[in-house]
Every structure is written in C-alpha cells, then in structure tokens.
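Notes to accompany the following structure.
Protein chains: 4
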Amino acid sequence: MSKGRMEAFSDGVIAIIITIMVLELKVPHGQDLAALRPLAPAFLSYVLSFVYVGIYWNNHHHLLQAAHKVNGRILWSNLFLLFWLSLIPITTAWIGDSQFARWPIILYGMVLLMAAIAYTLLQLQLIAQEGRAAPLARAINSDLKGKVSLVCYASAILLAFWNPLISLGLYILVAMIWFIPDRRIEKILAE
Amino acid sequence: MSKGRMEAFSDGVIAIIITIMVLELKVPHGQDLAALRPLAPAFLSYVLSFVYVGIYWNNHHHLLQAAHKVNGRILWSNLFLLFWLSLIPITTAWIGDSQFARWPIILYGMVLLMAAIAYTLLQLQLIAQEGRAAPLARAINSDLKGKVSLVCYASAILLAFWNPLISLGLYILVAMIWFIPDRRIEKILAE
Amino acid sequence: MSKGRMEAFSDGVIAIIITIMVLELKVPHGQDLAALRPLAPAFLSYVLSFVYVGIYWNNHHHLLQAAHKVNGRILWSNLFLLFWLSLIPITTAWIGDSQFARWPIILYGMVLLMAAIAYTLLQLQLIAQEGRAAPLARAINSDLKGKVSLVCYASAILLAFWNPLISLGLYILVAMIWFIPDRRIEKILAE
Amino acid sequence: MSKGRMEAFSDGVIAIIITIMVLELKVPHGQDLAALRPLAPAFLSYVLSFVYVGIYWNNHHHLLQAAHKVNGRILWSNLFLLFWLSLIPITTAWIGDSQFARWPIILYGMVLLMAAIAYTLLQLQLIAQEGRAAPLARAINSDLKGKVSLVCYASAILLAFWNPLISLGLYILVAMIWFIPDRRIEKILAE
C-alpha cells in the first residue's frame with residue numbers, strides 16, 4: 001500500500017488539531033488591554049501546545065519521508081498516535097482555564113507520554129516493515145531523544161504532586177530538545 | 192475521471208469528523224481529578240466513535256486503493272457515505288450527554304447502519320465500474336463481515352428497547368470485528 | 383502555475399464547510415425521541431445544504447478536471463466562490479433556528495445566488511485561460527442549467543416576500559436539477 | 574526533503590483558519606432583517622480577514638511554486654507563519670465584538686505585522702536554500718510591497734492611539750496593495 005493517503009490524512013488531522021486549539025482562546029470580554037490579562041495562561045498553553053503539535057508534525061514528516069510502504073498495522077499505529085494528539089487541545093484548554101493547576105498539568109503530561117509511546121510504536125512498525133538494515137532503522141538507531149522525553153514526561157507527572165510548575169518547566173524543556181527536527185533522518189537519507 | 196480528488200476530499204472530511212468529535216469533550220469545571228468523572232461517558236463514546244471513524248477511513252483507503260477510476264455516481268455514493276459519517280459526532284455527543292440512554296443509543300445504531308449501507312453501495316458502484324472480473328470484485332467477494340455488521344446493527348437497534356447496554360456491547364463487538372483492516376484487498380492486490 | 387494546490391486548498395475549505403454545518407445541530411436536551419423534534423428544521427436545512435455543497439464540490443471537481451493551468455485571476459475567482467460557500471453554514475443555521483422564516487430564507491437565496499455567480503465567473507476565467515476552442519469551452523457551451531439556476535434563485539428571493547416555503551421549494555428544485563453532475567464535461571473529456 | 578507535505582499541511586491549516594472565522598459569525602437572534610444589523614461589524618471584519626488569509630495563501634502558493642526543496646529550518650519558519658495566521662480568527666472576532674475599538678485594532682495590527690515578518694523570514698530561508706542566483710531570489714528582489722506593508726502595519730498600530738478607524742483604513746489599503754498576487758514570481762518562472 002502506498003503511504004500517500006496516510007500522510008494526507010495525518011496532515012489533515014494534525015492541521016485541524018493545531019488550529020482548533022485556537023478556538024479555546026475566547027474573545028476577550030471588554031475592549032481594553034486589561035481584558036487580555038485573563039487570557040495569558042490560555043495563550044501560554046496555546047503556544048506550548050502549538051510547538052508540541054508542530055514538533056510531532058515535523059518528526060512525522062521526517063519519519064514517513066524515510067518509509068516506502070505502509071500496511072494495516074502501521075495505519076492503526078498512526079491512528080493511535082493521532083488519537084492521543086487529538087486530546088492535546090482539551091487538556092491544553094484545561095491547563096489554561098485552571099491556571100496551571102495540578103491535575104490538568106498531570107493529565108497533559110499523560111497525554112504527552114501516551115503520544116510519545118504511540119510515536120515510538122509507529123517508528124517500530126515502520127522499521128519492522130522497512131527492515132533493520134534500511135536507512136530508517138540506521139537513522140533512528142538509539143533514539144536517545146525519545147528515551148529522554150519519556151523519562152521527562154514520567155518525572156513531570158510525578159513531580160506535579162509536589163509542584164506543577166516544575167512539571168510545566170519539564171514540558172517546555174522537552175519541547176526545546178525536540179525543537180530541532182530529527183536531523184538524523186535528513187542526513188542518512190541524503191547519503 | 193481520476194480518483195485523486197475524491198480521495199483527498201474524503202480524507203479531509205473524515206479528518207475533520209474524527210477531530211471535531213473531541214470538541215464535544217467540554218473542559219472540566221474544577222481543577223481536581225473528580226472534575227473528570229462526569230466526562231467519563233463522553234470520553235468512552237469518543238473512543239468508540241474514534242475507532243469507528245478510523246475503521247471507515249482504513250477500509251475506504253483499502254477500497255479506493257483497488258479502484259482505478261471514478262464517475263458521477265461513485266462521487267455521490269461517496270458523499271452519501273460522508274453524510275452519514277458526519278452525523279457520528281452529534282450522536283456520539285448525545286450518547287455521552289445522556290449517559291447511554293435508550294434513544295441516543297438507537298439513533299447511534301441507525302447512523303452506523305446507514306453508514307454501513309452507504310459503504311456497501313459505494314462498494315457496489317466501484318465494482319460495477321471496475322467490472323466483475325477485476326481484483327476488487329474478487330477481493331470483496333462474499334463480504335461476510337459486512338453482512339454480519341448489518342445484522343448486528345439492526346439487532347442492536349431492536350435490543351435497545353430492552354436494554355441499551357446490550358446494544359452498546361454489540362457496537363463494541365462490531366468495532367472489534369473490523370479493527371483488523373480488510374486484508375482481502377491487500378492480499379489480492381499483492382498477487 | 384499548476385492547478386494542484388488550488389484543488390487541494392478548495393477541497394480543504396469545502397470539506398470544512400460541509401463538516402462544520404453539523405456543529406450547528408445541537409445535542410438534544412433530553413433523552414427521548416421527543417427531544418429530537420425541535421431539531422427537525424435544523425436537520426432538514428442541514429441535508430439541503432449538504433447536498434448543495436456536495437453539488438459545488440462535484441462540479442468544481444469536474445470543472446478543474448478540464449482545466450490545465452491556473453493564474454492569479456483564477457485563484458481569486460476561486461476564493462470568491464469559496465467566500466460565498468463559507469456563508470452557507472451560518473445561513474443554514476439561521477433557517478433552522480427560525481424554522482424557515484422569511485428573511486433567513488431570503489438571505490440563504492442571496493448566498494446561493496452569489497455562489498452561482500462566483501462559479502460562473504470562475505468558469506469564464508478558466509475558459510479565457512484555456513481558450514475558446516478547448517474542450518472546456520465546448521463542454522460548458524450554453525450552460526442552460528446555470529442560467530435556470532440563477533433565474534430560480536432570483537425568483538425565490540422575490541417570492542419569499544409572499545411565501546418563504548415556495549422559495550424553499552425552489553431551492554430544493556435547483557438542488558435536484560444539479561444533483562446529476564455535469565456529464566457534459568465527462569463526455570467531452572472522454573472523446 | 575520534498576516540499577509536497579509542507580504545502581499540503583499549510584493548505585490544511587490555512588483552509589481551516591479561513592473557514593473557522595465564519596464560526597465567529599453567530600446566528601442572529603430574531604427572524605427579521607434588523608436582526609442582522611448587530612452582525613455588520615463582525616461581517617466586515619470577516620471579509621477583511623478572509624481577504625488577508627486569501628492573500629497569504631495566494632502568495633504562499635506562488636512562493637513555494639518557485640522553491641524546490643525544504644529543510645528543517647524552512648519547516649519551522651513555515652510553522653511560525655502559520656502560528657501568527659492562526660491568531661487572525663480570534664483577533665478578527667474581537668474587532669467585530671468591540672465594534673472597531675482601539676485595543677482590538679492594535680492587536681490585529683500586531684498579528685498582521687508578525688505574520689508579515691514571519692513571511693519575510695520564510696522567504697529569506699527559501700532564498701538561502703535555493704541560492705541567491707535562483708529564480709526565486711531574482712523574483713523577490715527588492716520586495717517593495719513587503720516593506721511598504723511593514724511600514725503600514727507599524728504606522729497603523731501607532732495611529733490607533735489617535736483614531737482606530739485610520740488604522741482600519743490602513744489595513745484595508747495594504748489588503749488592496751496585495752490583492753494582485755505576486756506577478757514577479759509568475760513572470761520569472763515563465764521565462
């Protein structure tokens with residue numbers, strides 16, 4: 001099966017996810033600058049989630065670039081990833097609404113953790129399909145960044161019981177680690 | 192006529208359907224874990240409908256993979272399918288809101304039944320266009336799964352008058368039957 | 383300029399328009415069949431508008447099929463068409479909310495009229511680009527259906543002052559005329 | 574890396590942005606013509622923003638037409654542009670709600686200014702990738718229109734403290750300047 005439609009469908013879903021988050025930013029009540037103040041937490045969470053969804057789209061783009069075919073199992077791994085990404089808008093809105101309270105921060109971390117696990121599964125399925133000697137397998141190799149992220153998300157979930165702002169800091173840290181898209185694939189494909 | 196734009200348009204509509212369902216999950220009122228409890232039925236219906244729409248997208252993908260051209264009648268059969276799929280988000284939300292009450296469960300079953308009939312019509316139109324000797328006709332052949340699903344939906348609608356949770360169980364059962372995408376097409380195309 | 387992205391962008395916008403209309407169908411208050419009754423006018427207008435947007439997508443598909451290149455003027459004609467189509471969801475919702483009152487029906491007719499004019503302009507721009515001897519020009523030729531539609535919309539707008547239900551009947555009539563997609567283009571391209 | 578998916582993703586996001594703006598037009602309360610009056614400012618801002626997003630899509634289309642490959646930095650520049658465009662719907666809604674009050678007009682100008690800066694950055698990244706001798710670099714060359722726009726946005730933001738309607742006039746002026754898509758690229762590519 002060709003990968004074209006899976007890419008197109010994922011592009012569609014991710015484009016919608018990244019855009020409907022902005023619907024959670026409610027039009028300010030009032031006409032002056034002060035009316036914007038209550039939107040600040042919602043806006044900050046929007047920026048963070050926009051960056052996260054952007055990172056996933058970027059990496060998904062790179063990952064599929066290195067793949068040649070897809071099968072039923074890959075389609076479902078991809079839908080599993082999209083499912084968790086689809087929960088980012090509502091958890092983002094809850095973070096903003098609650099002004100960074102404990103449970104919203106924990107739930108957000110859980111969604112990020114599950115999305116990261118789903119992405120890892122998708123990677124494994126694609127490697128299994130391409131073969132362990134294919135460029136994709138060599139490009140991903142140790143996947144250090146992926147492992148660090150999983151540890152950070154898990155720690156953030158636990159640390160939120162102590163102080164949710166530390167967890168928020170960890171989410172921002174992981175976003176910064178991934179901000180640079182996956183050069184490994186770009187390099188090995190260029191070889 | 193080439194099938195490219197019909198695939199692209201369907202991908203767009205299905206991507207939007209699968210994503211706007213999440214808009215029905217309202218941001219919790221409150222900041223603690225208990226605030227999530229009232230969302231449980233809505234979340235469960237979201238998961239079920241996500242799987243259903245995912246199944247339709249997967250099978251649509253496989254079906255069109257085996258087709259070569261489309262005509263006006265196929266375009267309208269496809270729109271007829273998309274129409275019924277577009278009613279999944281609102282019926283899903285009603286199930287969640289009403290906490291699995293009788294009539295929402297019946298209506299949900301009717302929408303699933305009509306979507307299944309529309310999918311069957313689309314299949315017939317595509318087979319008519321490809322010819323009965325083409326791989327597509329051989330791949331679909333008896334369509335046992337399709338017939339079982341229709342019977343399950345119809346039974347679920349009737350059984351809901353007795354106990355809506357049995358109907359819900361049937362919907363979950365059908366989803367499980369279809370979870371494995373249509374290998375027949377994949378196999379015959381690979382020949 | 384290639385036409386691919388204009389098709390993709392139009393597919394995206396039309397897919398969103400056809401899908402967000404369903405957001406106007408509010409989840410029923412109540413759990414029984416009677417709770418669905420107030421949704422009837424909204425549902426009927428949804429079906430009508432779904433068919434209209436489906437017709438536009440179908441004809442747009444056929445029209446672009448016969449074109450080879452686009453230019454800046456064509457891109458804007460296309461955006462002009464998408465603008466009027468984008469007003470269909472809100473006017474549809476107003477029709478439903480007001481239970482087919484006079485002014486919503488008139489406004490709906492105006493949006494349909496403007497969309498039809500915009501479609502005609504797009505056709506003219508495409509013919510101008512392709513040349514009057516190209517298949518596209520021959521395929522469209524007299525455009526009888528287009529002219530009948532314009533007359534029907536204009537009449538419906540005027541007749542609404544007398545009885546809005548007659549206008550509604552005319553909108554349904556035009557939808558029925560167009561339901562069969564534009565065979566002319568299909569035939570001449572097949573030659 | 575091929576540019577196809579970046580185009581498709583941008584098409585998706587821009588299509589959603591241009592379409593969700595219409596969701597901010599609320600269904601009128603009432604059934605007569607007078608019920609439409611309160612929607613006038615929201616409708617006018619919708620038209621203006623539709624034109625702006627249309628311009629961005631048109632120019633993005635032209636710009637990418639002249640590019641051949643993308644890299645990680647270009648993907649992020651593109652997301653940076655999409656981020657600012659994604660804020661157009663909410664600022665548009667605020668303008669409409671507040672009936673062209675000072676701060677909404679200023680915020681709208683800031684979003685337009687940031688989008689223009691992001692677009693310029695994307696242009697620079699693409700030129701850096703294509704090389705300064707490539708058609709793209711020659712096509713963009715002095716980018717007079719881009720510079721005039723930046724000056725207009727900045728002036729509009731400052732002038733809003735005196736009279737927000739002058740700023741609105743400047744936004745309309747810039748839209749008119751850009752209404753004609755970037756012929757330079759079309760011409761040089763045609764050479």
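From first to last, the protein sequence lines are chains Y, E, A and V.
Its first residue numbered 1, the first sequence is counted upward by one per residue in our numbering.
Its first residue numbered 192, the second sequence is counted upward by one per residue in our numbering.
Its first residue numbered 383, the third sequence is counted upward by one per residue in our numbering.
Its first residue numbered 574, the fourth sequence is counted upward by one per residue in our numbering.
We put the CB at the ideal spot given by N, CA and C, even for glycine.
Every value quoted in this text rests on a predicted model; they were computed, and no experiment measured them.
Beta-carbon spacing of residue i, residue j below 8 Å
i: Tyr153 of chain Y; j: Ala118 of chain Y; result: no
i: Ala233 of chain E; j: Gly287 of chain E; result: yes
i: Ile14 of chain Y; j: Leu85 of chain Y; result: yes
i: Thr210 of chain E; j: Ile17 of chain Y; result: yes
i: Gln125 of chain Y; j: Pro677 of chain V; result: no
i: Asp202 of chain E; j: Gly72 of chain Y; result: no
i: Phe100 of chain Y; j: Leu165 of chain Y; result: yes
i: Ile628 of chain V; j: Phe752 of chain V; result: yes
i: Leu621 of chain V; j: Leu612 of chain V; result: no
i: Leu695 of chain V; j: Leu648 of chain V; result: no
i: Val27 of chain Y; j: Ile730 of chain V; result: no
i: Tyr237 of chain E; j: Met212 of chain E; result: yes
Three-state class that DSSP yields for residue i in the structure shown
i: Asp97 of chain Y; result: helix
i: Ser193 of chain E; result: coil
i: Asp393 of chain A; result: helix
i: Gln222 of chain E; result: coil
i: Asn441 of chain A; result: helix
i: Trp544 of chain A; result: coil
i: Gly704 of chain V; result: coil
i: Val643 of chain V; result: coil
i: Lys336 of chain E; result: helix
i: Leu278 of chain E; result: coil
i: Leu44 of chain Y; result: helix
i: Leu303 of chain E; result: helix
i: Leu216 of chain E; result: coil
Minimum C-alpha distance to residue i - residue among the options
i: Val151 of chain Y; options: Y:Glu130, Y:Phe161, Y:Leu112; result: Y:Leu112
i: Lys529 of chain A; options: A:Val556, A:Ile509, A:Phe543; result: A:Val556
i: Asp62 of chain Y; options: Y:Ala160, Y:Leu136, Y:Trp94; result: It should be noted that the sequence gives His, not Asp, for residue 62 of chain Y. Nearest C-alpha to His62 of chain Y: Y:Leu136.
i: Leu552 of chain A; options: A:Gly491, A:Gln511, A:Thr502; result: A:Gly491
i: Ser459 of chain A; options: A:Thr502, A:Ala538, A:Leu469; result: A:Thr502
i: Leu107 of chain Y; options: E:Trp369, E:Leu224, E:Leu272, E:Tyr237; result: E:Leu224
i: Trp391 of chain A; options: A:Ser537, A:Asn545, A:Ile559, A:Phe465; result: Reading the sequence as shown, one finds Phe at residue 391 of chain A and not Trp. Here the closest residue by C-alpha is A:Phe465.
i: Ile559 of chain A; options: A:Trp544, A:Arg419, A:Val409, A:Ser531; result: A:Ser531
i: Trp94 of chain Y; options: E:Ile363, E:Trp353, E:Ala226; result: E:Ala226
i: Ser98 of chain Y; options: E:Ile363, E:Ser193, E:His220; result: E:His220
i: Asn545 of chain A; options: A:Arg484, A:Val452, A:Ser384; result: A:Arg484
Nearest-angstrom Cα separation, counted from residue j out to residue i
i: His641 of chain V; j: Gly704 of chain V; result: 11 Å
i: Val53 of chain Y; j: Leu144 of chain Y; result: 20 Å
i: Asn441 of chain A; j: Leu741 of chain V; result: 37 Å
i: Leu596 of chain V; j: Ala448 of chain A; result: 33 Å
i: Phe241 of chain E; j: Trp248 of chain E; result: 10 Å
i: Leu426 of chain A; j: Gln511 of chain A; result: 39 Å
i: Ser193 of chain E; j: Ile318 of chain E; result: 16 Å
i: Arg610 of chain V; j: Met496 of chain A; result: 20 Å
i: Phe161 of chain Y; j: Val70 of chain Y; result: 41 Å
i: Ile745 of chain V; j: Ile554 of chain A; result: 38 Å
i: Ser728 of chain V; j: Leu461 of chain A; result: 29 Å
i: Ala516 of chain A; j: Ala134 of chain Y; result: 48 Å
C-beta neighbour in chain D for residue i, strict 8 Å
i: Ser289 of chain E; result: Absent here is chain D; the protein component of the structure consists of chains Y, E, A and V.
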